[in-house]
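Peer 1: Residue numbers (the working numbering): 3 to 60.
Think of the CB as a built atom: it goes at the ideal place given N, C-alpha and C, for glycine as much as any other residue.
Sharing a structure with you now.
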Amino acid sequence: MRAINTKIEYSTICTRIEELLPLVSNETSESDKNYIELDLLSDLVADYEEKYEAISPP
């Protein structure tokens with residue numbers, strides 16, 4: 003799977019996630035194209051945040 007490498011990519015993908023959120027609910031089928039896209043993009047963002055924006059322990 004591809005990874006997010008720049009802040010611009012991260013920002014663009016976060017914007018797309020915001021567009022998808024109203025289209026996907028708990029009742030949305032896992033085979034729905036919006037569900038799949040949201041799932042993949044969310045994983046990419048989580049990986050990016052873990053690598054570049056990790057929250058340090060207090």
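Do Leu67 and Glu39 have their C-beta atoms closer together than 9 Å?
Peer 2: The structure shown does not extend to residue 67, since the chain is modelled only from 3 through 60, so no value can be given for it.
Peer 1: Is Thr8 helix, strand or coil when you go by DSSP?
Peer 2: Looking at Thr8 - three-state DSSP - the assignment turns out to be coil, as it is neither helix nor strand.
Peer 1: State yes or no: is the C-beta of Ile6 within less than 9 Å of the C-beta of Ser44?
Peer 2: Cβ atoms of Ile6 and Ser44: not closer than 9 Å.
Peer 1: Please work out which residues of its chain come closer than 8 Å, Cβ to Cβ, to Cys16, disregarding the five sequence neighbours upstream and downstream, and give them in chain order.
Peer 2: Cβ within range, chain order: Val47.
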